[in-house]
Amino acid sequence: MSFSAVQEKFNELQRDYSVLQSWRLTRDHAKRRAGVCYPLKKRIAISHYHIQLNSLSVVIDTLVHEVAHALAFELHNETGHGPHWRRWVTRLGGEAKVTGNFSVPETHWVLVHKQSDSLVQLARRHRKNKRIKDFILKGRPDTRGQLFYVSSAQFLAWQSGELLLSEVELIQ
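Below is the structure:
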């Protein structure tokens with residue numbers, strides 16, 4: 001699917017709601033969220049990855065979600081997912097849900113806690129934090145120096161028994 005189909009729907013909404021005339025639609029490279037509304041900049045951004053990985057109906061629902069934010073801000077000075085936003089998103093044909101169900105790009109890294117003979121997955125990450133060696137788990141100062149990044153492929157291989165823990169490259 002292309003961005004032009006999303007732009008076309010946005011143009012249609014601009015024709016229907018004149019307060020959107022000064023707004024613009026852009027693409028960004030967000031990997032963990034689908035779209036965002038910047039009320040003070042009068043800009044809505046839809047993730048390039050979201051467009052690439054999801055159906056047109058899912059992406060249009062995201063656009064409607066963000067346009068509802070724009071309308072709630074312009075007409076009611078409301079930000080967030082308040083009652084005006086809920087009414088607008090429903091009126092525009094979207095679902096009044098804060099988060100959606102959509103595909104996101106695979107992560108390159110898994111943040112793990114290394115215990116004596118095991119790895120405990122904490123989170124999936126697209127980027128590594130260079131200061132991970134200084135981090136601790138909340139309320140667990142004993143975990144300093146035990147948090148590592150492992151490539152997603154290696155973590156999967158370790159989980160399935162294809163790699164021994166000693167063969168896994170732990171990165172700090």
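Residue numbers (the UniProt record's numbering): 1 to 172. Glycine is no exception: its CB is placed at the ideal position from the N, C-alpha and C atoms.
With the cut-off set at 8 Å, would you say residue i and residue j are in Cβ contact?
| i | j | result |
| --- | --- | --- |
| K31 | V104 | yes |
| V110 | S152 | yes |
| H81 | G35 | no |
| Q154 | L163 | yes |
| K130 | I171 | no |
Around the Cβ of residue i, are there at least 16 other Cβ atoms within 10 angstroms (buried) or fewer (exposed)?
| i | result |
| --- | --- |
| I44 | buried |
| D117 | exposed |
| A123 | exposed |
| T90 | exposed |
| H126 | exposed |
| S55 | exposed |
| H29 | exposed |
| V19 | exposed |
Please state whether DSSP places residue i in a helix, a strand or coil.
| i | result |
| --- | --- |
| H126 | coil |
| Y38 | strand |
| I136 | coil |
| V120 | strand |
| L163 | coil |
| Y149 | strand |
Closest by CA to residue i, which one among the options?
| i | options | result |
| --- | --- | --- |
| F135 | G94, K114, G145, H126 | G145 |
| V58 | R140, V112, A5 | A5 |
| Q52 | V150, E8, F3, I171 | F3 |
| F148 | K133, E95, G100 | K133 |
Under 7 Å: does the beta carbon of residue i sit that close to some heavy atom of the ligand ADP?
| i | result |
| --- | --- |
| R124 | With respect to the ligand ADP, the structure shown offers nothing to examine, as it has no ligands at all. |
Segment contact flag, the stretch 63–74 with the stretch 16–35, C-beta cutoff 8 Å, min 3 pairs = yes
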